[in-house]
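With the first letter of the sequence shown counted as 1, position 135 gets the number 135 in our numbering; the numbers rise by one all the way through. We treat Cβ as the ideally placed atom computed from N, Cα and C, and that holds for glycine. Worksheet: the structure to be examined is printed underneath.
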Amino acid sequence: MKEKKCLLLSVLFAIVTVLMGCGDDSNSPSPEEVDAMVESFFGEALPMFFTETEYDVDTCFVINSVKELQSACGTTHNLPPIDFSSNTLIVGKLYVTAGDYVKSQSLQYEDDHAVLLLVLGKTENAIASMANRYYWGLYPKLKTNSITVKKYYDEQYYN
Numbered sequence: 001m002k003e004k005k006c007l008l009l010s011v012l013f014a015i016v017t018v019l020m021g022c023g024d025d026s027n028s029p030s031p032e033e034v035d036a037m038v039e040s041f042f043g044e045a046l047p048m049f050f051t052e053t054e055y056d057v058d059t060c061f062v063i064n065s066v067k068e069l070q071s072a073c074g075t076t077h078n079l080p081p082i083d084f085s086s087n088t089l090i091v092g093k094l095y096v097t098a099g100d101y102v103k104s105q106s107l108q109y110e111d112d113h114a115v116l117l118l119v120l121g122k123t124e125n126a127i128a129s130m131a132n133r134y135y136w137g138l139y140p141k142l143k144t145n146s147i148t149v150k151k152y153y154d155e156q157y158y159n
């Protein structure tokens, strides 16, 4: 029994050590980790944000308050708890080939505006039609509401 406990503690210590060493010192924040309630809400509710936008137009919202969140998604019912005093929510829609999906995202600052970099992946053997793909991320409070979205395809797909 003692051996199992020692082994478990050793493995736990190794995992914690590795995770603590995985910090990224770059100036490109990735979305913040969020709790399951927030994750679940956006997994189901993203299309609600875009009922008033054109179907085939890329759209991005920068949300800095509960009031802006209510306005953007058109409801006050079951909104997730988000600390907008230290966070900014970015919610967007891309009009892309049906097999495309948002693989990762990061944020950079250029002069007086933010740039959201989206890396897109492609599903093999996808149908050559167009579709909307949604993305969202909770970031440390943005310095500005001015944002540009740039999308790139994952180089691994083409190599």
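Which residue marks the beginning of the beta strand (DSSP E) containing residue i, and which one marks its end?
| i | result |
| --- | --- |
| Phe-61 | 59-63 |
| Glu-110 | 100-110 |
| Ala-126 | It is not in any beta strand (DSSP E) - Ala-126 carries neither H nor E in the DSSP assignment. |
So residue i is in the alpha helix (DSSP H); what residue range does that whole segment cover?
| i | result |
| --- | --- |
| Ser-40 | 36-45 |
| Ser-166 | Any question about residue 166 goes unanswered here, given that the chain covers just 1 to 159. |
Buried or exposed: residue i, going by 16 or more other Cβ atoms within 10 Å of its Cβ?
| i | result |
| --- | --- |
| Asp-83 | exposed |
| Ile-90 | buried |
| Val-66 | exposed |
| Thr-88 | buried |
| Lys-141 | exposed |
| Ser-74 | Position check: residue 74 holds Gly in this sequence, whereas Ser was assumed. Burial call: exposed. |
| Lys-143 | exposed |
| Asp-35 | exposed |
| Asp-100 | buried |
To the nearest angstrom, how far is it from the Cα of residue i to the Cα of residue j?
| i | j | result |
| --- | --- | --- |
| Pro-47 | Asp-56 | 13 Å |
| Ile-63 | Glu-39 | 16 Å |
| Ala-114 | Gln-108 | 6 Å |
| Glu-33 | Tyr-139 | 9 Å |
| Ala-131 | Phe-42 | 18 Å |
| Lys-151 | Val-96 | 10 Å |
| Leu-120 | Ala-45 | 21 Å |
| Lys-122 | Lys-103 | 9 Å |
| Thr-51 | Thr-59 | 11 Å |
| Gln-160 | Thr-148 | With the chain represented from 1 up to 159, any question about residue 160 goes unanswered, as that position is not in the structure. |
With DSSP as the reference, label residue i as helix, strand or coil.
| i | result |
| --- | --- |
| Ile-147 | strand |
| Pro-140 | strand |
| Ser-71 | helix |
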